[in-house]
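Chains as they are written, first to last, in the UniProt record's numbering: chain A, 1 to 242; chain B, 1 to 242.
There are 2 protein chains.
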Amino acid sequence: MKNASPSASDLSAKIADALRQEIISGVLLSDDRLPSEADLCEKFDVSRSTVREALKRLAAQNLIRTQRGHTGGAFVNKLTFDAAVTQHISTSTLLLSMNAVSFETACEARFTLERACAGLACARRERETFDLMKAEVDRQSDPALSDEAFCASDVAFHRAFVDAADNPVLSYQLAGAVEAMQPLMNMITFPARDRARIVALHIGMANALKARDADEVTALLHELETYTLELADTYRARRAGT
Amino acid sequence: MKNASPSASDLSAKIADALRQEIISGVLLSDDRLPSEADLCEKFDVSRSTVREALKRLAAQNLIRTQRGHTGGAFVNKLTFDAAVTQHISTSTLLLSMNAVSFETACEARFTLERACAGLACARRERETFDLMKAEVDRQSDPALSDEAFCASDVAFHRAFVDAADNPVLSYQLAGAVEAMQPLMNMITFPARDRARIVALHIGMANALKARDADEVTALLHELETYTLELADTYRARRAGT
DNA sequence: GTTTTTCATTTGTCAGACAATTGAAAAACT
DNA sequence: AGTTTTTCAATTGTCTGACAAATGAAAAAC
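Written out as structure tokens, the structure reads:
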């Protein structure tokens with residue numbers, strides 16, 4: 001049997017794991033300074049290159065940042081919501097693109113999760129989110145908008161809706177589901193008639209949210225899901241026919 | 001103004017970004033081989049150490065794997081669902097632990113998302129998932145179980161429920177929400193009486209799922225959320241009183 | 001035709017050097 | 001004493017060159 005550990009003979013991976021564990025377990029706290037590269041060389045009895053490769057691994061995972069100079073070194077990063085969202089979106093997007101997840105599956109997951117926010121969003125929505133959504137709807141109504149920009153605005157609209165639930169953890173989780181769909185949506189073209197339909201549903205959602213009518217929001221999200229699937233089907237049919 | 005780009009003078013970060021872009025954009029596909037380190041040295045006009053640090057960054061993000069030997073090199077990794085779930089859980093857990101997210105907020109997000117799965121889970125549940133959930137319930141009924149093992153089984157139970165929805169994207173997104181709560185739950189102690197209540201709710205959920213009664217599942221998840229919050233309150237009160 | 005040996009390629013690790021950065025300490029100057 | 005300037009030591013960033021280890025392909029031996 002092959003060695004299960006991926007770091008059988010990869011010192012930098014082992015060292016990175018050891019340091020990572022100290023960060024995750026809380027031995028090292030945010031903004032704590034790691035030992036200098038020279039110290040780590042001694043501690044792990046390896047060369048500086050190896051230590052540096054380990055540190056670069058942690059830096060790539062956004063766990064540490066480095067600073068040069070007399071008071072420099074490697075410091076534990078505090079993971080911000082923004083950074084986590086960015087990471088989550090990147091992973092989600094890659095996952096969808098690399099695994100040939102069917103449009104239906106991704107769509108179902110995304111709208112299922114989004115509908116879950118309806119209750120909280122209606123209960124807590126503020127004036128500002130409503131304005132934000134309206135602004136995106138206005139942007140979407142511009143016929144000069146490219147398909148890609150239309151999709152981007154669509155994402156912004158839905159994220160504003162999710163944010164209305166006023167739960168950062170929820171927003172973080174949902175961001176991955178909503179944003180990861182964008183590359184898939186970008187493959188579809190949106191003629192004026194289709195856009196009009198989508199914009200109408202968006203307006204309906206915004207108004208239902210304003211009226212705090214969660215059932216209506218849910219229903220409209222269902223319609224939007226159905227319609228999105230229709231569009232994808234149409235696109236596929238057109239592509240097959242050509 | 002300070003340079004916005006974090007890689008002002010960090011060649012390995014720049015090179016990693018360049019290669020990452022090629023992977024994400026699809027120029028390099030799964031299992032494609034990257035140029036050898038020597039080739040990359042030439043291409044980017046840097047030393048081997050710098051190239052290696054860049055490659056280690058990509059390896060840390062699970063984007064590539066490396067292999068020694070004649071036919072070795074760095075190869076683009078296919079991101080599996082398992083790897084993505086692991087990453088997602090790790091990020092989510094760190095986010096909750098580093099940002100002092102209130103128990104209430106995390107709990108609300110988790111149960112809101114979990115309830116979203118009720119409909120699909122009831123529609124699609126198979127015999128196996130039901131058995132899996134029952135098995136976890138049995139484990140939870142063992143009084144000898146440690147609090148930590150009880151929590152772990154709780155997580156397994158809920159993940160089985162989510163998996164019943166039979167949508168891998170949904171499972172992936174939910175895993176982060178459910179697993180990230182575990183460290184928070186681990187801080188609570190579960191006396192026998194509390195466990196009995198939880199187990200009862202779990203049994204109810206399993207049965208409702210078997211009966212494909214989504215409303216009942218949703219109601220029980222609501223109860224579970226309320227009860228979990230109560231437990232956390234009790235824990236806090238006891239801690240404050242001591 | 002099969003087995004063994006050799007070998008070139010590639011990553012993993014080490015050692016030592018110098019540049020760039022940066023804040024603290026020391027020195028010089030009011 | 002207080003302020004400014006200079007020096008300096010610590011630290012990361014990069015480069016060079018070397019050798020070890022792994023690995024499959026090619027060559028050689030059988």
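All C-beta atoms, glycine included, are put in the ideal place defined by N, C-alpha and C. Just so we're clear, the structure is a prediction, and the values are computed from it rather than from any experiment.
Residue environment: B:G69 is assigned as exposed (fewer than 16 neighbouring CB atoms within 10 Å of its CB, all protein chains considered).
Judged by DSSP in its simplified three-state form, A:G73 adopts strand.
Secondary structure at A:T234: helix, using DSSP grouped into helix, strand and coil. Judged by beta-carbon spacing, A:D31 lies within the 8 Å limit of A:F75, meaning their Cβ atoms are closer than that value. The beta carbon of A:H158 sits closer than 7 Å to those of E114, V178, all from its chain and outside the five residues before and after it, given in chain order.
Put simply, the CB of A:A214 is far from chain B, with every gap to its CB atoms at 8 Å or more.
Annotation for A:T129: the continuous alpha helix (DSSP H) segment containing it runs 127 to 141.
Between A:F111 and A:E225, the beta carbon gap of about 4 Å places them in contact (Cβ cut-off 8 Å). Taking CB atoms only, A:F103 has no neighbour in chain B less than 8 Å away. The three-state reading of DSSP puts B:Q67 in strand, counting E and B together. Against B:M205, chain A offers no close residue; the least beta-carbon distance is about 17 Å (beta-carbon pairs closer than 7 Å).
In the three-state scheme derived from DSSP, where H, G and I count as helix and E and B as strand, A:R20 is classed as helix. The beta-carbon of B:A109 is placed less than 8 Å from the nearest beta-carbon of chain A. In the DSSP assignment, B:N167 falls outside any alpha helix (DSSP H) and carries neither an H nor an E. Look at A:T86: its C-beta is not under 8 Å from any C-beta on chain B.
In the structure shown, the three-state DSSP call for A:R33 is strand. Nearest in C-alpha terms to B:R125, of all of B:Q182, B:A165, B:L63, B:A59, is B:A165. Assigned with DSSP and collapsed to three states, A:P191 falls in coil, not helix or strand. With respect to chain B, the C-beta atom of A:N186 has no partner C-beta closer than 8 Å.
When the beta-carbon positions are compared, B:L34 and B:L11 stay at least 8 Å from each other. Just measuring C-alpha positions, the residue of B:G119, B:F161, B:E148, B:D147 sitting nearest B:A135 is B:F161. With respect to the 8 Å criterion, A:G73 and A:A214 are not classified as neighbours on the basis of their beta carbons. Neighbours of A:E53 in chain B, taken as residues at a C-beta separation under 8 Å, are given in chain order as R52, E53, K56.
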